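Novice: Chains A, B, C, D, E and F supply the protein sequences, listed in that same order. With UniProt numbering as the guide, the letters of the first sequence map in order to residues 1 to 258. With UniProt numbering as the guide, the letters of the second sequence map in order to residues 1 to 258. With UniProt numbering as the guide, the letters of the third sequence map in order to residues 1 to 258. With UniProt numbering as the guide, the letters of the fourth sequence map in order to residues 1 to 258. With UniProt numbering as the guide, the letters of the fifth sequence map in order to residues 1 to 258. With UniProt numbering as the guide, the letters of the sixth sequence map in order to residues 1 to 258.
Protein chains: 6
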Amino acid sequence: MKSLFIENLTWEEYADITEDNVLIIPIGATEQHSLHLPLSVDNVISVNFAQRLAKELNGFIAPALSYGYKSNPTSGGGPLFPGTIDLNGNTLTILVQDILNEFLKDGWKKIILLNSHYENQAFLSEAADLVIKDQQEEFPKIVLASWWDNISEDVMPQIFNERPFRGWDLEHAAITETSLMMYFEPHLVRYELLSEEGLENVPKYQRYPVSKTLIPSSGNLYTSISSSPEKGKIIVDNVIENFLVFFKEEFMIEQLVF
Amino acid sequence: MKSLFIENLTWEEYADITEDNVLIIPIGATEQHSLHLPLSVDNVISVNFAQRLAKELNGFIAPALSYGYKSNPTSGGGPLFPGTIDLNGNTLTILVQDILNEFLKDGWKKIILLNSHYENQAFLSEAADLVIKDQQEEFPKIVLASWWDNISEDVMPQIFNERPFRGWDLEHAAITETSLMMYFEPHLVRYELLSEEGLENVPKYQRYPVSKTLIPSSGNLYTSISSSPEKGKIIVDNVIENFLVFFKEEFMIEQLVF
Amino acid sequence: MKSLFIENLTWEEYADITEDNVLIIPIGATEQHSLHLPLSVDNVISVNFAQRLAKELNGFIAPALSYGYKSNPTSGGGPLFPGTIDLNGNTLTILVQDILNEFLKDGWKKIILLNSHYENQAFLSEAADLVIKDQQEEFPKIVLASWWDNISEDVMPQIFNERPFRGWDLEHAAITETSLMMYFEPHLVRYELLSEEGLENVPKYQRYPVSKTLIPSSGNLYTSISSSPEKGKIIVDNVIENFLVFFKEEFMIEQLVF
Amino acid sequence: MKSLFIENLTWEEYADITEDNVLIIPIGATEQHSLHLPLSVDNVISVNFAQRLAKELNGFIAPALSYGYKSNPTSGGGPLFPGTIDLNGNTLTILVQDILNEFLKDGWKKIILLNSHYENQAFLSEAADLVIKDQQEEFPKIVLASWWDNISEDVMPQIFNERPFRGWDLEHAAITETSLMMYFEPHLVRYELLSEEGLENVPKYQRYPVSKTLIPSSGNLYTSISSSPEKGKIIVDNVIENFLVFFKEEFMIEQLVF
Amino acid sequence: MKSLFIENLTWEEYADITEDNVLIIPIGATEQHSLHLPLSVDNVISVNFAQRLAKELNGFIAPALSYGYKSNPTSGGGPLFPGTIDLNGNTLTILVQDILNEFLKDGWKKIILLNSHYENQAFLSEAADLVIKDQQEEFPKIVLASWWDNISEDVMPQIFNERPFRGWDLEHAAITETSLMMYFEPHLVRYELLSEEGLENVPKYQRYPVSKTLIPSSGNLYTSISSSPEKGKIIVDNVIENFLVFFKEEFMIEQLVF
Amino acid sequence: MKSLFIENLTWEEYADITEDNVLIIPIGATEQHSLHLPLSVDNVISVNFAQRLAKELNGFIAPALSYGYKSNPTSGGGPLFPGTIDLNGNTLTILVQDILNEFLKDGWKKIILLNSHYENQAFLSEAADLVIKDQQEEFPKIVLASWWDNISEDVMPQIFNERPFRGWDLEHAAITETSLMMYFEPHLVRYELLSEEGLENVPKYQRYPVSKTLIPSSGNLYTSISSSPEKGKIIVDNVIENFLVFFKEEFMIEQLVF
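1) Does the beta carbon of Ser40 of chain D come closer than 8 Å to any beta carbon on chain A?
2) Would you be able to state if there are at least three C-beta pairs under 8 Å between the region 72-89 of chain C and the region 233-248 of chain C?
3) Using 8 Å as the Cβ pair cut-off and three pairs as the minimum, do the region 100-114 of chain E and the region 168-177 of chain C touch?
4) Determine, for Ile151 of chain F, whether the minimum Cβ-Cβ distance to residues of chain E falls below 8 Å.
5) Closest to Pro26 of chain F by CA distance: which of F:Tyr14, F:Lys70, F:Ile17, F:Ser146 is it?
6) Just confirm the distance between the C-beta atoms of Pro73 of chain A and Leu214 of chain A, as a whole number of angstroms; I'd bet it's less than 8 Å.
7) Using a Cβ cut-off of 8 Å, pull out every chain H residue sitting near Lys212 of chain A, in sequence order please.
8) Flag Tyr205 of chain B as yes if its beta-carbon sits less than 8 Å from any beta-carbon of chain A, otherwise no.
9) Could you tell me which residues DSSP pairs with Asp16 of chain F in its beta bridges?
10) Strictly under 8 Å for the Cβ-Cβ distance: is Gly76 of chain A near chain B by that measure?
11) Give the interface partners of Glu102 of chain B over in chain A, defined as CB-CB distance under 9 Å, in chain order.
12) Identify the residues that DSSP records as bridge partners of Gln206 of chain E: which are they?
13) Would you decide whether Lys133 of chain E is buried or exposed? Buried here means 16 or more other CB atoms lie within 10 Å of its CB.
14) Would you call Val257 of chain B buried or exposed, if buried means 16 or more other Cβ atoms sit within 10 Å of its Cβ?
15) Could you give the distance in angstroms between the alpha-carbon of Ser69 of chain B and the alpha-carbon of Pro216 of chain B?
16) Could you list which residues in chain E have their beta carbon closer than 9 Å to that of Gln135 of chain C, in chain order?
17) DSSP state of Gly68 of chain D, grouped into three classes?
18) Measure the Cβ-Cβ separation of Ala62 of chain F and Asn120 of chain F and say whether it is below 8 Å.
19) Between the C-alpha atoms of Ala64 of chain A and Thr10 of chain D, what's the straight-line distance to the nearest angstrom?
20) Does DSSP classify Lys55 of chain D as helix, strand or coil?
21) Is Leu80 of chain A helix, strand or coil when you go by DSSP?
22) If contact is defined by three or more beta carbon pairs under 8 Å, each pair taking one atom from either stretch, is the region 32-40 of chain A in contact with the region 192-204 of chain A?
23) Output needed for Asp42 of chain B: all residues of its chain with C-beta closer than 6 Å, excluding positions within five of it in sequence on either side, in chain order.
24) Is Val257 of chain C helix, strand or coil when you go by DSSP?
25) Would you call the region 195-208 of chain B and the region 142-160 of chain A touching, i.e. three or more CB-CB distances under 8 Å?
26) So, under 8 Å CB-CB, Leu100 of chain A and Phe123 of chain A are touching, yes? Tell me the CB distance rounded to an integer number of Å.
27) For His187 of chain F, which of helix, strand or coil comes out of DSSP?
28) Identify whether Thr74 of chain E lies in helix, strand or coil by the three-state DSSP scheme.
29) From which residue to which residue does the alpha helix (DSSP H) around Leu130 of chain A run?
30) Sorted by chain position, which residues of the same chain lie with C-beta nearer than 7 Å to Glu250 of chain E's C-beta, five sequence neighbours on each side aside?
31) With 8 Å set as the bound, which would you pick, yes or no: does the beta-carbon of Glu7 of chain A sit closer than that to a beta-carbon of chain D?
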């Protein structure tokens with residue numbers, strides 16, 4: 001069976017892919033994720049979602065982007081943590097522009113930018129817009145989506161059964177990301193280092209130059225206690241289900257036969 | 001009495017301003033705001049908040065930036081509406097970088113980027129970060145803030161007493177912005193055109209090329225019915241109160257004597 | 001009656017404007033103008049000329065650009081004066097490119113860049129050229145004009161009746177600009193601070209790094225004595241008359257009926 | 001034992017790394033490699049060399065860069081092959097500048113850019129130079145190296161025992177790269193598709209617009225017949241030995257104790 | 001004797017030059033100059049002035065910049081003439097920035113940008129400013145000068161004895177440039193093609209897209225009749241004399257001994 | 001007879017050139033070339049080859065580019081030598097893009113970038129690619145070529161009869177370049193300073209920040225002893241012959257009649 005990852009294909013196998021196929025570009029970051037999770041969390045999550053999505057959508061996966069936009073202190077701990085390797089906004093935008101242009105030249109009509117690093121969002125939008133804004137036709141089409149925007153309301157109480165939900169900004173290395181990592185790559189989780197620590201009052205503004213004084217020294221923004229692989233699975237199943245609804249609609253995929 | 005707007009000062013009067021003064025740069029957009037509000041809504045709101053804030057903080061107001069980043073279909077109606085005049089992300093960033101650099105050279109130590117156009121946010125952050133990231137000292141300090149992030153939880157029911165709050169994305173030309181305009185510049189509101197129209201299901205993703213098919217032809221994302229100048233005043237008083245708490249702390253302003 | 005300023009229009013009112021209408025973009029600077037005039041002189045002059053021109057040409061006025069290119073010591077006092085807030089050349093060019101592109105997409109065919117800050121000129125030309133240089137048709141057309149280039153020879157003696165004309169470079173905060181401000185916005189003029197001070201010998205070269213040693217500490221390049229609102233009116237009437245001749249020709253406006 | 005890949009470390013584990021450690025950034029491309037090798041060849045080779053080098057040098061490995069500069073027809077088959085996803089030169093340069101700047105801020109003193117895609121070279125040099133050219137001290141130091149430049153003369157006859165060496169340009173998907181892949185990741189090689197096909201006369205110039213007419217339709221530049229995992233091992237052992245000589249000298253590593 | 005042109009020196013001879021020496025960078029354009037003058041006029045004039053100046057100032061001459069900023073229709077005939085090869089503004093600026101940075105690193109303290117293409121001016125100023133604006137010391141110093149700004153008032157009647165002076169804009173391929181070419185490089189002048197042709201009414205604005213309809217098909221903006229090598233010599237002698245006054249003052253050159 | 005150099009033509013003479021003509025753009029550098037050769041070596045060589053080529057190909061020569069990309073220590077001595085005036089990579093690329101775009105607009109169909117500075121190569125390729133990559137037709141066509149890539153194998157022993165060939169990297173100011181200068185411009189060679197000095201072991205990597213410690217203080221990378229004008233002529237005759245083969249083929253020049 002053909003690999004879902006285009007990097008494993010020869011150019012001839014790759015050229016065989018048809019216009020109906022979906023290309024998924026996983027996008028993450030190299031960023032601190034508290035004491036219990038590795039720097040790769042956002043990449044791991046994007047690639048794993050991409051794999052599940054590829055199976056459902058007749059999709060293929062491009063090499064992931066492992067470096068993302070600057071971590072924000074109040075949603076990612078910020079650039080001052082060691083191991084947080086940030087790109088400037090314009091760099092991320094032109095990098096994604098180049099990659100999109102190349103895949104469009106290869107004939108892809110349905111492209112997903114699958115992002116798991118919140119701060120990337122505006123610069124990915126900008127890239128997609130700059131590449132395709134003068135196009136009159138509906139296709140090729142580029143869709144930008146993130147898992148946290150697509151969890152159903154009614155699933156939330158299952159995740160936040162022991163600790164309350166305090167906003168997506170704080171879900172950095174907290175219950176949802178930790179549960180996803182426990183489900184996707186449990187060997188990368190330092191279980192013994194989960195902690196209750198977190199931010200008491202979240203600032204409602206940004207200040208520059210950034211500092212680390214706003215957040216706990218661990219980099220934790222909110223508790224990871226009560227995370228579990230089961231919760232990870234609940235999130236994944238629910239998000240994939242929700243993803244499929246609009247991806248199928250946007251990409252005019254009625255019934256997939258493999 | 002000296003004007004709060006630096007543009008009305010001579011260079012000598014301006015040079016007289018001390019390091020303790022705060023500089024407020026109001027930032028908005030030129031963007032469609034449904035059938036009942038003018039293109040200038042975000043500028044009007046920024047400048048009016050700036051005036052109230054200036055009085056409280058011993059502040060002065062820089063010439064406003066009237067053009068902003070691209071309107072997003074699901075939070076501003078999108079670039080396809082006539083009258084929505086958008087800058088590219090990088091343009092906004094280097095424009096603000098240049099302006100910040102110049103004000104810093106003039107000696108300002110306490111600068112507020114007061115933003116009322118949601119989509120500007122990431123590109124303003126980037127500008128502030130690029131200008132000041134290598135600075136070791138705490139001051140000069142640049143703070144980026146928006147009114148909608150700073151409404152107290154307990155005030156929300158007073159605003160959304162007749163219609164439910166459905167998220168800040170949809171509050172484009174809806175109850176809060178309309179109420180603010182009724183309070184700040186009532187002559188610019190077409191009262192007879194307020195409408196119940198809005199978006200039923202808000203997309204949880206972005207797609208490119210952008211289109212107008214996602215939203216009502218009016219550009220309305222959510223109802224403006226139930227807006228009032230009284231609600232505008234409630235928002236303003238509450239936001240200014242909340243603003244003052246953190247601006248005074250960040251700028252180390254203990255007790256202002258004028 | 002419809003506002004001449006598009007910022008006061010709703011998008012629907014704005015969309016109503018036809019291809020025959022002229023769009024005027026007023027461009028100025030935030031720059032020292034000696035001890036008797038405010039930092040906003042160039043903006044005030046551009047906006048006021050725009051209003052008069054709009055009435056004559058069936059035109060509308062876009063939000064003004066309040067920050068301009070670097071002040072030159074020998075024509076504006078230079079960047080070292082407090083309150084002179086300068087953009088880099090490339091920043092001004094891409095800012096104007098973005099704005100022109102957006103207005104062109106909205107369908108405007110006749111656009112005026114109305115500039116009152118000498119140093120902006122080359123970078124505005126570059127923006128207009130970059131935006132439209134590959135266009136084969138004559139329309140849309142962008143015209144760049146400044147008031148000082150369009151005063152009739154025979155009017156000059158009326159302005160410089162008491163003091164000789166010593167070149168446009170020196171007319172910074174001098175007789176013409178002061179007279180225009182007295183006519184347009186008299187409350188912004190510090191009448192008591194008009195002075196005879198000026199530059200004796202104007203350098204015929206530019207040197208870097210720039211310094212303030214070349215010019216008087218006031219920022220005055222030439223005397224403002226003998227300025228009057230009457231002279232301001234003479235300039236305005238004459239310039240508007242001259243403007244109309246070529247704008248009507250370039251924009252193929254034969255007879256305006258409102 | 002600590003992972004060699006920093007992406008698997010938490011920020012605290014990563015912060016534990018000392019100034020004496022070496023950081024290796026593997027750089028490749030997503031590019032056609034004939035009918036028998038996958039698009040990922042350059043990345044696979046860079047990462048595998050990085051692992052061996054890391055063990056010898058007390059080194060750690062950063063997330064790899066999977067997209068490279070434009071493939072050249074006469075050394076990589078060119079941009080017109082499906083699956084060749086190229087970055088513009090400036091994009092690659094500023095991407096690497098950003099990443100280098102971030103790692104330097106984290107305190108790394110000894111950085112290796114380990115490149116396996118020939119065309120990347122000039123743009124990687126430019127990035128390293130721009131980041132560090134104003135530094136007066138010898139450290140931090142960035143070294144850029146490629147495996148093909150570091151095979152000993154006396155090893156060549158062992159590799160090219162059945163087919164003659166015809167220049168490194170042609171060694172794209174040919175004997176050396178195929179042997180390396182057979183040694184590193186044999187499951188990614190389509191053994192049955194090795195072929196004798198190749199380019200007869202190599203052009204001594206470049207022409208634009210690029211075309212595919214210069215090279216065989218397979219993308220083969222030179223024969224891959226006679227490749228073997230044993231030859232792969234010979235290359236690796238030899239190159240690592242040669243690498244160590246100058247890396248130890250440049251990084252002043254006398255005797256490594258782990 | 002040592003060549004005045006650094007390109008003819010070895011690096012050792014070049015390194016011998018002291019801090020007191022002046023570096024002159026001649027800057028021109030490749031641009032139509034009517035039917036009687038070659039495309040190189042601006043370069044020829046810059047280089048010849050540079051030679052004379054070098055002899056007087058203990059100066060050396062850098063390789064000239066032969067391509068300049070866009071020709072303006074009303075001062076150079078415009079970009080639509082064949083043979084007018086224009087750089088974008090930003091290109092010229094960063095080109096000159098790079099070159100200035102390199103010469104500054106080599107230790108030059110006194111640099112002249114000697115420009116003979118009017119339209120270059122703003123972009124050369126921008127380059128000099130960007131390179132040196134954060135410097136606190138007076139030296140190194142960069143001076144930008146053009147010959148036409150430095151002709152004495154009392155010399156003008158000698159040049160315009162048969163035809164009136166109608167402004168420097170029109171002096172493109174007209175009396176002054178033609179006379180300079182007759183003096184500097186007479187073999188490049190087509191004497192039989194001098195003509196009386198010219199522009200009747202000079203537009204007082206710029207319009208885009210540019211066209212050739214504003215000017216005579218020859219590219220002539222004003223008559224070249226009455227040009228002579230004698231007038232060329234008068235201009236050169238006078239300009240060099242005026243140049244020396246301020247160059248000596250700016251560069252603190254009291255008495256030159258060779 | 002018409003000059004081969006377009007700078008000596010009037011615009012009308014230049015416009016007379018037909019689509020069949022070839023345009024040659026000579027590209028060099030301003031760079032140290034040991035103690036016996038001037039900074040201009042690469043420019044002199046490019047221009048001289050261009051002249052010979054122009055005569056054979058019905059070609060014309062554009063103004064040369066005298067500043068090139070950064071000298072590399074191991075192939076040019078590096079940027080730290082006085083007199084080596086380097087452009088950043090992106091600067092060279094956009095400079096050449098602008099110039100190519102302008103010549104293409106003038107109607108040239110056959111353009112040669114004739115380069116004699118090794119380090120320029122990647123950035124010239126990038127420029128040509130960016131300018132023309134979206135073109136579907138075969139013409140206009142841009143060809144990039146360098147003399148050292150086009151010396152026949154069987155000619156090499158005649159050049160390296162007394163000293164062995166040690167690679168093109170080392171042929172900086174060595175036997176081939178010195179012989180070419182002796183042939184082209186003997187008065188620019190300091191014959192008494194030829195030396196045997198050179199680099200013993202050539203580094204197989206690049207390190208940053210660059211230093212001069214890798215190479216002899218003279219800047220010599222390899223001996224220039226045994227250079228002669230006769231060898232220069234052999235190289236020129238051979239390279240021109242080889243050049244003509246592929247230029248005629250690429251440009252579809254069957255039989256040239258003048």
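Cβ coordinates follow ideal geometry from the N, Cα and C atoms, glycine included. Quantities reported herein were computed from a predicted structural model and do not represent experimental measurements.
Specialist: Looking at the atomic coordinates:
1) As a working mapping, residue 40 of chain D is identified with position 40 in the fourth sequence. Answer yes: the Cβ-Cβ gap between Ser40 of chain D and chain A drops below 8 Å somewhere.
2) no
3) no
4) As a working mapping, residue 151 of chain F is identified with position 151 in the sixth sequence. Taking Cβ atoms only, chain E never reaches closer than 8 Å to Ile151 of chain F, which makes this a no.
5) Taking the first residue of the sixth sequence as 1, we reach residue 26 of chain F at position 26. Here the closest residue by C-alpha is F:Ser146.
6) Here residue 73 of chain A refers to the residue found at position 73 when the first sequence is read from its first residue. Here residue 214 of chain A refers to the residue found at position 214 when the first sequence is read from its first residue. 5 Å between Cβ atoms; contact.
7) No chain H appears in the structure shown, which is made up of the protein chains A, B, C, D, E and F.
8) Here residue 205 of chain B refers to the residue found at position 205 of the second sequence. Judged by the 8 Å Cβ criterion, Tyr205 of chain B is in contact with chain A.
9) Locating residue 16 of chain F in the sixth sequence gives position 16, counting from the first residue. Note: Asp16 of chain F sits in no beta bridge, so no partner.
10) Locating residue 76 of chain A in the first sequence gives position 76, where the first residue counts as 1. Answer no: the Cβ-Cβ gap between Gly76 of chain A and chain B never drops below 8 Å.
11) Position 102 of the second sequence, counted from the first residue, corresponds to residue 102 of chain B. Simply none; closest approach about 16 Å.
12) Position 206 of the fifth sequence holds residue 206 of chain E. In the DSSP secondary-structure assignment, Gln206 of chain E is bridged to C:Leu144.
13) Within the fifth sequence, residue 133 of chain E is the residue found at index 133, counting from 1. Exposed, since its Cβ has fewer than 16 Cβ neighbours within 10 Å.
14) As a working mapping, residue 257 of chain B is identified with position 257 in the second sequence. Low local confidence applies: a pLDDT of 48 at Val257 of chain B is under 50, so the model's placement there is unreliable, and no value is given.
15) By one-based count along the second sequence, residue 69 of chain B stands at place 69. By one-based count along the second sequence, residue 216 of chain B stands at place 216. In the sequence under discussion, the amino acid at residue 69 of chain B is Tyr, which differs from the Ser named in the question. For Tyr69 of chain B and Pro216 of chain B, the gap between their C-alpha atoms comes out near 22 Å.
16) Looking up residue 135 of chain C in the third sequence gives position 135. What Gln135 of chain C touches in chain E: Tyr208, Pro209.
17) Working through the fourth sequence from its first residue, we reach residue 68 of chain D at position 68. Gly68 of chain D falls in the strand class under three-state DSSP.
18) Taking the first residue of the sixth sequence as position 1, residue 62 of chain F is located at position 62. Taking the first residue of the sixth sequence as position 1, residue 120 of chain F is located at position 120. No. Outside cutoff.
19) As a working mapping, residue 64 of chain A is identified with position 64 in the first sequence. As a working mapping, residue 10 of chain D is identified with position 10 in the fourth sequence. For Ala64 of chain A and Thr10 of chain D, the distance between alpha carbons rounds to 20 Å.
20) Here the question's residue 55 of chain D lines up with position 55 in the fourth sequence. Here Lys55 of chain D sits in helix by DSSP.
21) To locate residue 80 of chain A, count along the first sequence from 1; it is residue 80. Of the three classes helix, strand and coil, the one that applies to Leu80 of chain A here is coil, per DSSP.
22) yes
23) Start at 1 with the first residue of the second sequence, and residue 42 of chain B comes out as number 42. Within the same chain, Asp42 of chain B has close Cβ partners Gly28, Ala29, Ser116, His117.
24) Position 257 of the third sequence, counted from the first residue, corresponds to residue 257 of chain C. Only weak support is given to the placement of Val257 of chain C: the predicted model assigns it a pLDDT of 48, under 50, and the question is left unresolved by the model.
25) Between the region 195-208 of chain B and the region 142-160 of chain A there are three or more C-beta pairs closer than 8 Å, enough to call the two in contact.
26) The count along the first sequence starts at 1 and reaches residue 100 of chain A at position 100. The count along the first sequence starts at 1 and reaches residue 123 of chain A at position 123. Contact doesn't hold; Cβ gap of about 13 Å is too wide.
27) As a first step, residue 187 of chain F must be located in the sixth sequence, where it is residue number 187. Helix at His187 of chain F.
28) Start at 1 with the first residue of the fifth sequence, and residue 74 of chain E comes out as number 74. It is helical.
29) Working through the first sequence from its first residue, we reach residue 130 of chain A at position 130. From DSSP, the alpha helix (DSSP H) with Leu130 of chain A extends over 121-132.
30) Position 250 of the fifth sequence, counted from the first residue, corresponds to residue 250 of chain E. Cβ neighbours of Glu250 of chain E beyond the five flanking positions: Lys141, Val143.
31) Against the first sequence, residue 7 of chain A aligns to sequence position 7. So yes, Glu7 of chain A belongs to the interface.
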